[in-house]
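In the working numbering, the protein residues as written are 611 to 993.
Just so you know, even glycine gets a beta-carbon here, dropped at the ideal spot from N, CA and C.
Written below as structure tokens is the structure these notes are about.
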Amino acid sequence: MSLEALVNISRKYGADPNFVIAGGGNTSYKDNKILYIKGSGTSLACIQAEDFVHMDREKLQHIWQKEYPHNESERERMVLEDLMEARLPGEGHKRPSVETMLHELLPYAYVVHTHPAIVNGLTCSKQGEQALRKLFGQVPLWIPITNPGYILSLRVKMAVEAYKTQHRRTPTVIFLQNHGIFVAADTTKEIEEQYRFIIDTISRHIKRFPQNDDIQVEYGPSKSITDFLTTFHNNHHQLHIQFRRTSELARYTQDRENFLALQLPFTPDHIVYAGSNPLFIDLKLTEHSFLTEANKESIKNQWKEYLDMFKRPPKIIAVSSLGVFGLGLTERAAELAIELISDAAKVACFTDSFGGPRHMEQIYIDFINNWEVEQYRSNISTK
611 MSLEALVNIS
621 RKYGADPNFV
631 IAGGGNTSYK
641 DNKILYIKGS
651 GTSLACIQAE
661 DFVHMDREKL
671 QHIWQKEYPH
681 NESERERMVL
691 EDLMEARLPG
701 EGHKRPSVET
711 MLHELLPYAY
721 VVHTHPAIVN
731 GLTCSKQGEQ
741 ALRKLFGQVP
751 LWIPITNPGY
761 ILSLRVKMAV
771 EAYKTQHRRT
781 PTVIFLQNHG
791 IFVAADTTKE
801 IEEQYRFIID
811 TISRHIKRFP
821 QNDDIQVEYG
831 PSKSITDFLT
841 TFHNNHHQLH
851 IQFRRTSELA
861 RYTQDRENFL
871 ALQLPFTPDH
881 IVYAGSNPLF
891 IDLKLTEHSF
901 LTEANKESIK
911 NQWKEYLDMF
921 KRPPKIIAVS
931 SLGVFGLGLT
941 ERAAELAIEL
951 ISDAAKVACF
961 TDSFGGPRHM
971 EQIYIDFINN
981 WEVEQYRSNI
991 STK
């Protein structure tokens, strides 16, 4: 059964954090009439057949023929309404992936979209497209950074049409700058073969691989900071905090200069789960010390300055020479913040092989922060 094959391939990549974290990524299968697409915010790691949204392909094709307003929020609202309208009867309780139109665009039975750190080491680098052509020639399609949603789908559609004119076929691999990769094929075996080839090819050109070993640190400093932040913040709202230190995170949290590599987000997923503005706190800590009164005052002042500036608490706090703290209104949200900042550290490491990091520009960051679709996905994934 084709839907069973879709479930299996989805779980294969969804369960591997090297490809997908949290509610990231999406997969689909299509026949002549129906597109089966992952529901927004659903985890690929444990997805079931009933979690895919059944979409009427004829109605999806009508979306390409419509004209939408130039205003971003109005346009995305209307496109979402049309996507909802394209659901088959009985699917009204499900919300299709925002990238449904990209899946519909590719005329292959299966499409698997993921965000591998090693691939994003290339897509989020200064020499990304140049490196892509050196490694893979003209076969893959490269899409410059674009706001997700309808505009991205439209841009890919135009690029695919140009590609077909030049190559006489539709591309099976699409690299999206500061986002991830789409791989399409008529069998799941071909999907796996293409992913294996892509990862192996990039791996051979990596100068340094990230060190992701968890480092045990003295209980005192991390516990003391966690307790202080919890007590300080819980006067207002419940706060969950997770702490992590790996060799790679230790490298980037040595000081404020090293942390610049993680100060801005690489991809939409990093914004959704780890936030767009991590707080870096430079503290004078000894290996065995608990917080001094001076340290507490420093944290309090920088926390207040952050709230005054952004009107919300950070999802990530990095403490010099110690590690990173993930913060969230649920335990899952705090865990995901840690997972995504750790992923960002991997991406930053991989970008060194391709000219260094290229972060998202502020205009794209602002779009994600204000986009209802991503707020919905975050709420679903962090419960």
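Can you tell me whether DSSP reads residue 724 as helix, strand or coil? Three-state DSSP puts residue 724 in a strand.
Exposure of residue 820, with buried meaning 16 or more beta-carbon neighbours within 10 Å: buried
Across the region 931-948 and the region 702-720, are there enough close Cβ pairs to call them in contact, namely three or more that are closer than 8 Å? no
Residues bridged to residue 994 (per DSSP): In the structure as shown, the chain begins at 611 and stops at 993. Residue 994 is therefore absent and cannot be evaluated.
Could you tell me whether the region 914-922 touches the region 959-967, where touching means 3 or more Cβ pairs closer than 8 Å? no
Quick one: what's got a C-beta closer than 6 Å to residue 731's C-beta in the same chain, skipping five residues either side? Closer than 6 Å at Cβ, skipping near neighbours: 957, 960 and 961.
Can we say the region 620-639 touches the region 689-703, given the rule of at least three CB pairs closer than 8 Å? no
Smallest Cα separation from residue 894: which of 726, 651 and 909? 909
Measure the Cβ-Cβ separation of residue 790 and residue 726 and say whether it is below 9 Å. yes
Contact defined as beta carbons within less than 8 Å: I believe residue 924 pairs with residue 875. What is the distance between those atoms, to the nearest angstrom? About 13 Å separates the Cβ atoms of residue 924 and residue 875, ruling out a contact at the 8 Å cut-off.
In the region 750-828, which residue ranges form an unbroken alpha helix (DSSP H) of at least 4 residues, counting only runs that do not cross its ends? As far as the region 750-828 is concerned, its whole alpha helix (DSSP H) runs of at least 4 residues are 760-777 and 798-813.
Which residue spans inside the region 900-942 form an unbroken beta strand (DSSP E) run of at least 3? 926-929 and 933-938
Stretch-stretch touch, CB-based, cutoff 8 Å, three pairs: the region 649-667 with the region 746-761: The region 649-667 is not in contact with the region 746-761.
So within the region 837-878, which uninterrupted beta strand (DSSP E) runs reach at least 3 residues, ignoring any that extend past its ends? 850-854
Determine the direct distance from the alpha carbon of residue 712 to that of residue 767, and round the result to whole angstroms. Spanning the two alpha carbons is a distance of roughly 8 Å.
Check whether residue 722 and residue 651 have beta carbons under 9 Å apart: no
Measure the CB-CB distance between residue 707 and residue 647 and report whether it falls below 9 Å. yes
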